[in-house]
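Heads up, the thing below is written out as structure tokens.
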Amino acid sequence: MKYRHLRNATALLTYGEHRLLVDPMLADAGALPGFKFGAGRRPNPLVPLPADAPAWLDAATGVLVTHEHPDHLDGAALRWIRARGLPVWCSHVDAASLRRKGLDVREVHGGALGLDVEVIPARHGRGWLAWLMGPVSGYYLAHPDEPSVYLTSDAVLADAVFEAIDRLRPDVVVAPAGAADMGVGRILFSVDELVALVRRAPGRVVLNHLEALDHCPTTRAGLRERLRAEGLLARVDVPEDGEELHLARTDDRPRPRPRVGPGPRPGLQKWLTAHLAAT
Ligand SMILES: [Zn+2]
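Quick note on the UniProt record's numbering: the sequence shown kicks off at 1 and runs consecutively.
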């Protein structure tokens, strides 16, 4: 498995025969509005993609989308995907909305991508804020020759995250670490929650969603310092934009079987977020 971190949550994941572009936000720096209300609001993204990003993007064989927020699928990415006709993998909850945008949509469910897969719904905030932010799909992927990986996507710490880690024992967890707050409440893991997440994870943890958006205050340096103080940094990667991580399967123990099932269905919440999403 190779994880080429490009920016925010955008990465090229080389996994088995796939090269999946995960959660593409391809806008130029400053081309999107600020996400923070009040002081500190600045146009997003705060930084450009790495200079060699086009070559990595061209290597993609498909796209994997966790939810329809503009920092995970923006207008530039939609145009880029449509121009190449790449298949777009997403959960059932986003499928109809993405099809309406002219994408070649494939749903992630048992056996999709020729992998053991599971959709693990995430809570992108707490209470009314979670409802407002809309549905998010984390994914568990397992290929026999690769480390198993759990992409939590945008989430706060909830029982479902620990339940998935305890049940599936993923070799790698990829989680967003920016502690995003638009000014009305936190919508990603806090640093304390990330410490708990790393403690619970059985293997490596890759932390992304950092230093690219105006509403994400956590810095890579501050995060590394805290993880070092907790004695956890040796199991954690906090990649720079453009950095590639090489992660190999280190055992051949039998793996837990992921749950197969229809998963969540789109509801009123999805209707709302679909209408606010990039076109
Ligand atoms: Zn995000």
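Glycine included, every Cβ here is placed at the ideal spot set by N, Cα and C.
All values reported here derive from a predicted model rather than from experimental measurement.
Residue i bridges to which residues according to DSSP?
i: residue 87; result: 104
i: residue 2; result: 14, 246
i: residue 176; result: 208
i: residue 236; result: 205
i: residue 258; result: In the DSSP output, where bridge partners are listed per residue, residue 258 has none listed.
i: residue 57; result: For residue 57, which the question treats as bridged, DSSP gives no partner whatsoever.
Throw me the rounded Cβ distance for the residue i and residue j pair, which I believe falls under 8 Å.
i: residue 124; j: residue 155; result: 6 Å
i: residue 168; j: residue 140; result: 5 Å
i: residue 3; j: residue 244; result: 7 Å
i: residue 24; j: residue 73; result: 6 Å
i: residue 263; j: residue 136; result: Rounded, the Cβ-Cβ distance is 12 Å, inconsistent with contact.
i: residue 176; j: residue 1; result: Rounded, the Cβ-Cβ distance is 19 Å, inconsistent with contact.
i: residue 220; j: residue 230; result: With 8 Å as the limit, residue 220 and residue 230 do not qualify as a contact, their Cβ atoms being about 16 Å apart.
i: residue 279; j: residue 36; result: Residue 279 to residue 36, Cβ: 23 Å. No contact.
i: residue 191; j: residue 235; result: Not confirmed; about 16 Å, so no contact.
i: residue 223; j: residue 197; result: Residue 223 to residue 197, Cβ: 12 Å. No contact.
i: residue 149; j: residue 172; result: 4 Å
On the CB-based measure, 16 or more other CB atoms within 10 Å of its CB, does residue i come out buried or exposed?
i: residue 11; result: buried
i: residue 228; result: exposed
i: residue 94; result: buried
i: residue 7; result: buried
i: residue 64; result: buried
i: residue 273; result: buried
i: residue 260; result: exposed
i: residue 33; result: exposed
i: residue 204; result: buried
Can you tell me whether residue i sits near ligand 1, meaning its C-beta is under 7 Å from at least one heavy atom of the ligand?
i: residue 215; result: no
i: residue 154; result: yes
i: residue 94; result: no
i: residue 209; result: yes
i: residue 176; result: yes
i: residue 9; result: yes
i: residue 5; result: no
i: residue 71; result: yes
Roughly how many angstroms separate the alpha carbons of residue i and residue j, rounded to a whole number?
i: residue 20; j: residue 238; result: 20 Å
i: residue 209; j: residue 178; result: 5 Å
i: residue 166; j: residue 200; result: 8 Å
i: residue 29; j: residue 98; result: 24 Å
i: residue 18; j: residue 113; result: 8 Å
i: residue 115; j: residue 180; result: 31 Å
i: residue 188; j: residue 252; result: 33 Å
i: residue 16; j: residue 62; result: 13 Å
i: residue 121; j: residue 161; result: 9 Å
i: residue 277; j: residue 246; result: 33 Å
i: residue 254; j: residue 271; result: 40 Å
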